[in-house]
Amino acid sequence: MGYSSRVGICISQDTAIQLEAIIRLLCQPLQEEVSSLFEDADVKKQDDGCRAWYWDGFKWYSSDFGVAFLEGYLDDLEWDQYLYIRVGEELDDVDYRGGLWDNPFGMCLTRAIEFNED
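Start counting the sequence shown at 4; every next residue gets the next number (the working numbering).
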């Protein structure tokens, strides 16, 4: 079955254009894997100079070539050019990187306590 995660990525429009150019230069198998990764996103958004993707229940393994490429690309960016949030199945399995908090989609990580008031 595998371990699944919820993953959100938000990058500036300029960064997205640079990423697309780099993807076109990849070897064909990796190019297809990375393109498929973006196509498989459950939510894709573009607005106000930013783009965002969200995967829900996705098998996001850093050992997969497409995921490794994308995580490496994000790690090379300036801190304020992206926001990467991955929440795994375990309560303490959270990966949060980047500082593009002021994004037009309101993408963020929240913690809450909820209960029925009945």
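Every residue, glycine too, gets a C-beta built ideally from N, C-alpha and C.
One or two residues paired with residue i in a DSSP bridge
{"i": "Q49", "result": "R54"}
{"i": "D61", "result": "Checking the sequence, you will find Phe at residue 61 rather than Asp. DSSP output for F61 lists S8 as bridge partner(s)."}
8 Å Cβ cutoff met for residue i and residue j
{"i": "G69", "j": "S8", "result": "no"}
{"i": "G101", "j": "L77", "result": "yes"}
{"i": "L86", "j": "M110", "result": "yes"}
{"i": "I88", "j": "Y99", "result": "yes"}
{"i": "Y57", "j": "D67", "result": "no"}
{"i": "F108", "j": "C30", "result": "no"}
{"i": "D121", "j": "L103", "result": "no"}
Residue burial classification, residue i (beta-carbon count within 10 angstroms, cutoff 16)
{"i": "T18", "result": "buried"}
{"i": "L122", "result": "The requested residue 122 is not part of the displayed model; the chain covers only 4 to 121."}
{"i": "L94", "result": "exposed"}
{"i": "L28", "result": "exposed"}
{"i": "V37", "result": "buried"}
Residue from the options with nearest C-alpha to residue i
{"i": "L80", "options": "Y64, S15 and G5", "result": "S15"}
Quick check on the DSSP output: what are the complete alpha helix (DSSP H) runs of length 4 or more inside the region 9 to 43, in order along the chain? 16 to 28 and 31 to 42
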